[in-house]
Amino acid sequence: ETGVTQTPRHLVMGMTNKKSLKCEQHLGHNAMYWYKQSAKKPLELMFVYNFKEQTENNSVPSRFSPECPNSSHLFLHLHTLQPEDSALYLCASSQEGTGSGAYNEQFFGPGTRLTVL
Amino acid sequence: ELKVEQNPLFLSMQEGKNYTIYCNYSTTSDRLYWYRQDPGKSLESLFVLLSNGAVKQEGRLMASLDTKARLSTLHITAAVHDLSATYFCAVDKPFRSGGSEKLVFGKGTKLTVNP
Numbered sequence: 004e005t006g007v008t009q010t011p012r013h014l015v016m017g018m019t020n021k022k023s024l025k026c027e028q029h030l031g032h033n034a035m036y037w038y039k040q041s042a043k044k045p046l047e048l049m050f051v052y053n054f055k056e057q058t059e060n061n062s063v064p065s066r067f068s069p070e071c072p073n074s075s076h077l078f079l080h081l082h083t084l085q086p087e088d089s090a091l092y093l094c095a096s097s098q099e100g101t102g103s104g105a106y107n108e109q110f111f112g113p114g115t116r117l118t119v120l
Numbered sequence: 011e012l013k014v015e016q017n018p019l020f021l022s023m024q025e026g027k028n029y030t031i032y033c034n035y036s037t038t039s040d041r042l043y044w045y046r047q048d049p050g051k052s053l054e055s056l057f058v059l060l061s062n063g064a065v066k067q068e069g070r071l072m073a074s075l076d077t078k079a080r081l082s083t084l085h086i087t088a089a090v091h092d093l094s095a096t097y098f099c100a101v102d103k104p105f106r107s108g109g110s111e112k113l114v115f116g117k118g119t120k121l122t123v124n125p
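These protein sequence lines map, in sequence, to chains A and B.
All residue numbers for the first sequence refer to my numbering, where the first residue is 4 and numbers rise by one.
All residue numbers for the second sequence refer to my numbering, where the first residue is 11 and numbers rise by one.
In structure tokens, the structure reads:
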């Protein structure tokens, strides 16, 4: 496997289900991200993990719960979702530096198309 | 708060024509990225622009950055059907000490190239 992979690619779940999305990056990066992309809104950053620590939580509802067990893996645990949560969920990774010359080119996975019934 | 605006949001053009997509942003940053997304697919990195005056070209696409005007352009030369996709710009919101806090994306420009 190369790049950033995500499973499953498609998920249909009921509002009372519990499911998890998985992301794995094979690029040796130290930061990983969850984004939500829906038809009517621009790409929304949900969570950032930098060096395995969560550094950003963009006011995401608690029905979304991230987990980053190591720098290569990222999960998004889902429970009691709403129909408006139906969207494409994208995972990305980057190699973040800390100096003035650092930049943040992010590499994206193929996404999970989530439908909540 | 960093805001990123792209225009146009929708662009329909004929093959062989030239056009420019604009990306304006609201606060100081010297790091800007362009991505392409095909329908149902993920985002693919096209260009990374890291300084004022930076210009990068790949095939029929050329991107430039003017940090003083807080403006980046993506110029399409002699468009072909294969360029049909949605193009996003993203601006780096930096920490004061350097390094990136996060990327802020524009809404995207949906480009359709007609034969």
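Even glycine gets a Cβ: it sits at the ideal position worked out from N, Cα and C.
Bridge partner(s) assigned by DSSP for residue i
| i | result |
| --- | --- |
| H85/B | T30/B and M72/B |
| C99/B | W44/B |
| Q109/A | Paired residue(s): none; Q109/A is not in a bridge. |
| E54/B | R46/B |
| E59/A | V51/A |
| E70/A | F78/A |
Extent of the continuous beta strand (DSSP E) to which residue i belongs
| i | result |
| --- | --- |
| N53/A | E47 to N53 |
| N121/A | The requested residue 121/A does not occur in the structure, where chain A is confined to residues 4 to 120. |
| V7/A | V7 to T10 |
| A90/A | A90 to S97 |
| R116/A | T115 to V119 |
| M16/A | H13 to M16 |
| L79/A | H76 to H82 |
| G77/B | First, the residue type needs correcting, since residue 77/B is Thr and not Gly in the sequence shown. Here T77/B belongs to no beta strand (DSSP E), and DSSP marks it neither H nor E. |
| L121/B | T119 to N124 |
| S22/B | F20 to Q24 |
| Q16/B | V14 to N17 |
Distance between residue j and residue i (C-alpha atoms, nearest Å)
| i | j | result |
| --- | --- | --- |
| S96/A | E27/A | 9 Å |
| Q109/A | S55/B | 8 Å |
| T83/B | L60/B | 14 Å |
| Y92/A | L53/B | 12 Å |
| A73/B | F98/B | 12 Å |
| Q24/B | E70/A | 46 Å |
| R46/B | E68/B | 13 Å |
| L75/B | N17/B | 15 Å |
| D102/B | G17/A | 37 Å |
| P104/B | S39/B | 7 Å |
| K13/B | L81/B | 12 Å |
| T77/B | Y52/A | 28 Å |
Within chain D, the residues that residue i reaches when beta carbons sit closer than 8 Å
| i | result |
| --- | --- |
| R41/B | The question asks about chain D, but that chain is absent: this structure's protein chains are A and B. |
Per-residue burial, residue i [other beta carbons within 10 Å of its own, 16 or more giving buried]
| i | result |
| --- | --- |
| K27/B | exposed |
| A79/B | exposed |
| V65/B | exposed |
| S22/B | exposed |
| Q85/A | exposed |
| G114/A | buried |
| F54/A | exposed |
| N62/B | exposed |
| Q57/A | exposed |
| A42/A | exposed |
Residues near residue i by beta carbon distance below 6 Å, same chain, minus five either side
| i | result |
| --- | --- |
| F20/B | K120 |
| T118/A | V15 and S89 |
| F78/A | S23, K25 and E70 |
| H32/A | S96, S97 and Q98 |
Own chain partners of residue i with C-beta closer than 7 Å, once the 5 adjacent residues on each side are dropped
| i | result |
| --- | --- |
| L48/A | Y36, Y38, E59 and N61 |
| E15/B | N34 and G116 |
| P11/A | T115 |
Own chain residues within Cβ distance below 8 Å of residue i, not counting five before or after
| i | result |
| --- | --- |
| R66/A | L81, H82, T83, L84, Q85 and D88 |
Contact test: residue i Cβ vs the ligand MG heavy atom, cutoff 6 Å
| i | result |
| --- | --- |
| M49/A | Absence of the ligand MG from the depicted structure is noted, as is the absence of any ligand whatsoever, leaving it without description. |
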